[in-house]
Ligand SMILES: Cc1ncc(COP(=O)(O)O)c(C=O)c1O
């Protein structure tokens, strides 16, 4: 079987970006205080405050599942419920972690086109039952960019936030691909977070170019109370924290995080343009970030896999998810699209 240097399965297939790697190497000198008491961690948290242009509490954890589970558990009691889209990562890909870490908080699913939740859906779900026998809605979770590869506009987040506040709920954003959303919208990070009413953000570093590590960012400072204990109890307090923090410094200090995200988005756009007019290929969602979702004939899917390409077909509604990363090249897109074209023609 042919081997390819890069694939279209996930942005977490990609390696460490040069900026994160050189910061890691730089951090690897001498001894530093453990458990986040070091200078790299302080600097990374300060850079995140600069990016968001506000006071916020920042905690570094190993992965996105932990960022979501721990932050949601800080926003709920066990008798509460979390409203999210039916494709949400917290529902489909975290193995019941949010329920586990919050000691039983129930997840209630909303439908919505293009992987998005809408104010009407939130209102309907939150008002459906208000009696003592039903888990009380407490948090709305949205994903930015969404699991369908789409992006919430600032206005959409504002409307969701308004509905959320009016119902007395809190707003959580899963930003595993937050950088791709910012690059796609061309807005400042504050416009789609705290200014739009987001209380807590799981800010993704891994898919953007780090080896590992996500930041939990509390814009609602009250919710951060004793969060460090949750992080420790959840097994997410890195003793050598400087190595989780340093890549953030490398990626944030001169804007590499947004350059990489913009590049990944451009590669997805190029892929979309290369295949969208093929008869036999049907785009499933508008491409707004670094994923292209497309329905292909099963024979073409099988043949692509036989040619050594890796990609997922189980996300959201199914179909193929082709995802680009900071290191995807135009040549990769050209080769992959060429194979798709050839194999569709052969079916
Ligand atoms: C939307 C979303 N949230 C969170 C995550 C984080 O998951 P992990 O625990 O694999 O870092 C992912 C990873 O695929 C994701 O796609």
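Residue numbers (this note's numbering): 4 to 350. For every residue, glycine included, the Cβ atom is placed at its ideal position computed from N, Cα and C. Remember, it's a predicted structure, so these values are computed and weren't measured experimentally.
Let me check understanding here. Comparing Cα to Cα, which of the options lies closest to residue i?
i: residue 241; options: 120, 57, 66 and 328; result: 66
i: residue 56; options: 222, 81, 138 and 311; result: 222
i: residue 115; options: 88, 256, 135 and 107; result: 88
i: residue 297; options: 215, 279, 158 and 44; result: 279
i: residue 14; options: 207, 275 and 131; result: 207
i: residue 286; options: 251, 265, 304 and 322; result: 322
i: residue 283; options: 299, 277, 290 and 291; result: 299
i: residue 170; options: 153, 52 and 140; result: 140
i: residue 189; options: 295, 261 and 131; result: 261
i: residue 161; options: 197, 63, 86 and 331; result: 197
i: residue 281; options: 143, 301, 346 and 4; result: 346
i: residue 49; options: 248, 302, 320 and 106; result: 248
i: residue 332; options: 343, 271, 106 and 318; result: 271
i: residue 104; options: 120, 83, 113 and 118; result: 83
i: residue 92; options: 121, 178 and 172; result: 178
i: residue 72; options: 175, 311, 303 and 288; result: 175
i: residue 121; options: 86, 335 and 229; result: 86
i: residue 81; options: 108, 158, 326 and 202; result: 108
i: residue 132; options: 111, 117, 119 and 146; result: 111
i: residue 209; options: 218, 203 and 201; result: 218
i: residue 320; options: 37, 288, 342 and 250; result: 288
i: residue 76; options: 138, 60, 51 and 142; result: 142
i: residue 7; options: 313, 250 and 251; result: 313
i: residue 268; options: 63, 344 and 329; result: 329
What does residue i pair with, by DSSP beta-bridge criteria?
i: residue 205; result: 177 and 219
i: residue 295; result: 325
i: residue 61; result: 220
i: residue 90; result: For residue 90, which the question treats as bridged, DSSP gives no partner whatsoever.
i: residue 315; result: 324
Tell me whether residue i sits in a helix, a strand or coil according to DSSP, three-state version.
i: residue 354; result: Residue coverage of the chain in this structure runs from 4 to 350, which leaves residue 354 outside it and unanswerable.
i: residue 232; result: helix
i: residue 82; result: coil
i: residue 289; result: coil
i: residue 250; result: helix
i: residue 104; result: helix
i: residue 351; result: The shown model of the chain, from 4 to 350, leaves out residue 351, and the question about it has no answer.
i: residue 19; result: coil
i: residue 31; result: coil
i: residue 109; result: strand
i: residue 142; result: strand
i: residue 121; result: coil
i: residue 134; result: coil
i: residue 300; result: coil
i: residue 56; result: coil
Using a beta-carbon distance below 7 Å, is residue i in contact with chain C?
i: residue 314; result: Absent from the structure is chain C; it holds one protein chain and no more.
Is residue i near ligand 2, judged by its Cβ being under 6 Å from some heavy atom?
i: residue 66; result: Among the ligands modelled here, namely ligand 1, ligand 2 does not occur.
Under 8 Å, with one C-beta from each stretch per pair, do the region 118-128 and the region 158-170 reach the 3-pair mark? yes
Contact between the region 5-22 and the region 210-219 is defined here as three or more beta-carbon pairs at a separation below 8 Å; is this criterion met? yes
Evaluate contact between the region 233-240 and the region 42-50, counting only Cβ atoms and requiring at least three cross-stretch pairs below 8 Å. no
Would you be able to state if there are at least three C-beta pairs under 8 Å between the region 88-102 and the region 147-166? yes
Are the region 176-189 and the region 28-40 in contact at 8 Å, needing three or more beta carbon pairs? no
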